[in-house]
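>
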Amino acid sequence: MTNLQSFLLLTSKCRLSGKVRGKKHPSGSECDNRYHPDDTPVVALSTGWFHSGSRCFNNITIRAKGRSVVAMVVDECDSSVGCDAEHDYQSPCANNIVVASRAVWKALGVSREDWGGLDITWSDA
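Just so you know, we're using the numbering used here here: the sequence shown kicks off at 1444 and counts up by one.
1. Could you tell me the alpha carbon to alpha carbon distance between residue 1550 and residue 1559, rounded to whole angstroms?
2. Can you give me the Cβ contacts of residue 1552 inside the same chain, cut-off strictly under 7 Å, excluding the 5 residues immediately before and after it?
3. Can you tell me where the beta strand (DSSP E) holding residue 1498 begins and where it ends?
4. Can you find the residues in the same chain that come closer than 8 Å, C-beta to C-beta, to residue 1474, ignoring five residues on each side of it along the sequence?
5. Tell whether a beta-carbon distance below 7 Å holds between residue 1503 and residue 1512.
6. Would you kindly work out how many angstroms separate the C-alpha atoms of residue 1537 and residue 1555, rounded to a whole number?
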């Protein structure tokens, strides 16, 4: 089990994402084309870690601030394209990004005003 240094995000730079957080979006998540509610611990991984969908529905353990949470991979945060209509005007992700639902932030004990960016480690659960 390898721990990967990463950065946890809630929002994108171009516009809020709806894919993982359950808001209206032209398409659902990459893994199942469905919406996932905000109260469910789910994540999107950067393109390289998403690995063409091989991590779909796998759980990862995210660690930060002395806590950990298990979340299911349901989407990709595309590291190669973005900021266009096809990608819901989301900016391309860096190659070390985990985009998380609000349930993940709450489980890590991050106060709401600090949601948006956090250094983490994660591993396959």
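Just so it is clear, CB atoms sit at the ideal spot from N, CA and C, and this is done for glycine as well. Bear in mind that the values here come from a model prediction, so they are computed numbers and not experimental data.
According to the data block:
1. Indexing the sequence shown from 1 puts residue 1550 at position 107. Indexing the sequence shown from 1 puts residue 1559 at position 116. Straight-line Cα distance between these residues: approximately 15 Å.
2. Here residue 1552 corresponds to residue number 109 of the sequence shown, with the count starting at 1. Only 1508 and 1510 meet the Cβ criterion.
3. Within the sequence shown, numbered from 1, the residue matching residue 1498 stands at position 55. That residue, residue 1498, is in no beta strand (DSSP E); it is neither H nor E in DSSP.
4. On the sequence shown, position 31 is the one that residue 1474 refers to. So the qualifying residues of the chain are 1496, 1499, 1500, 1516, 1517 and 1518.
5. Within the sequence shown, numbered from 1, the residue matching residue 1503 stands at position 60. Within the sequence shown, numbered from 1, the residue matching residue 1512 stands at position 69. For residue 1503 and residue 1512, no; Cβs fall outside 7 Å.
6. Mapped onto the sequence shown, residue 1537 falls at position 94. Mapped onto the sequence shown, residue 1555 falls at position 112. Distance between the alpha carbons of residue 1537 and residue 1555: 23 Å.
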